[in-house]
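Student: Each residue of the sequence shown is one higher than the one before, starting from 61 at the first, in the numbering used here.
For every residue, glycine included, the Cβ atom is placed at its ideal position computed from N, Cα and C.
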Amino acid sequence: LNITGDLSVSGKVYSNMKISYGEMTLASAFASVTYNDVNTFTGDLTSKSSKDIICDPQNNNLKLATAGIYHIEVYAVWASNSTGYRRLEVRFYPDSGGVLTIMDSKENAVSGSTFEMCNNRVYAISEPGSLSLVAEQTSGGSLNLNTATFRIYKIGEV
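1. In its own chain, which residues sit with a C-beta less than 6 Å from the C-beta of L105, not counting the 5 before and 5 after it?
2. Output the distance between the C-alpha atoms of T161 and L191, rounded to the nearest integer angstrom.
3. The beta strand (DSSP E) spanning Y95 covers which residue range?
4. List the whole-angstrom C-beta distance separating L124 from P188, where the pair is believed to meet the contact cut-off of C-beta under 8 Å.
5. Could you pull out every residue in the same chain whose Cβ sits closer than 6 Å to the Cβ of R211, ignoring the five residues on either side in sequence?
6. Flag this pair as yes or no: are the beta carbons of S186 and A169 separated by less than 8 Å?
7. Label D155 either buried or exposed according to how many other C-beta atoms from any shown protein chain fall within 10 Å of its C-beta, with 16 as the threshold for buried.
8. Is the beta carbon of T198 within less than 7 Å of some heavy atom of the ligand MN?
9. Enumerate, from N- to C-terminal direction, the unbroken beta strand (DSSP E) stretches of 3 or more residues contained entirely within the stretch 116-196.
10. So, are the CB atoms of L193 and W138 less than 8 Å apart?
11. Going by beta-carbon coordinates alone, are Y135 and S199 separated by less than 8 Å?
Here's what the structure looks like:
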């Protein structure tokens, strides 16, 4: 990182704010991702929830009870295969209806080893709703996800 000139950072400072947290980890139903199809992440029943972020494994999503500024992260390790691409996408479904892609990672496969993908972003979400993680791959057949984690932290108010 190279910075030339003056650097200024501004924004709200939150003191004594409790950070809300939600996490879904890989369940066996999601381990095999079918070829050239969108597969919805199925969470583990032991996933973590909090007051603002509720893990809903029956509906394969994390519910956001309130609007806010959220830090969203995804991490996945794909089985070894050198063909095609791997894709992870986070979709937001507002309670008012519709769908919005808020994070999309697509990488070409690497030969000879497992393939790790990770992405994160901070996103201001203006209304309650739910977030789902979907995966897609084009290896020529089904391909396992060895591990996957989908985390969300509420870090501020909008």
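Tutor: Looking at the coordinates:
1. With a pLDDT of 43 at L105, under the threshold of 50, the modelled position of that residue is not reliable, and the figure given next carries that caveat. Once the five neighbours on either side are set aside, the close Cβ partners of L105 are P117.
2. 10 Å
3. Neither: Y95 is in no beta strand (DSSP E) and is coded neither H nor E.
4. 6 Å
5. Listed in chain order, the non-local C-beta contacts of R211 below 6 Å within the same chain comprise E83, E133, local neighbours out to five positions each way being set aside.
6. Taking 8 Å as the Cβ cut-off, S186 and A169 do not qualify as a contacting pair.
7. exposed
8. Among the components of this structure there are no ligands whatsoever, and the ligand MN is therefore not found.
9. 121-124, 128-138, 145-154, 160-168, 175-185
10. no
11. no
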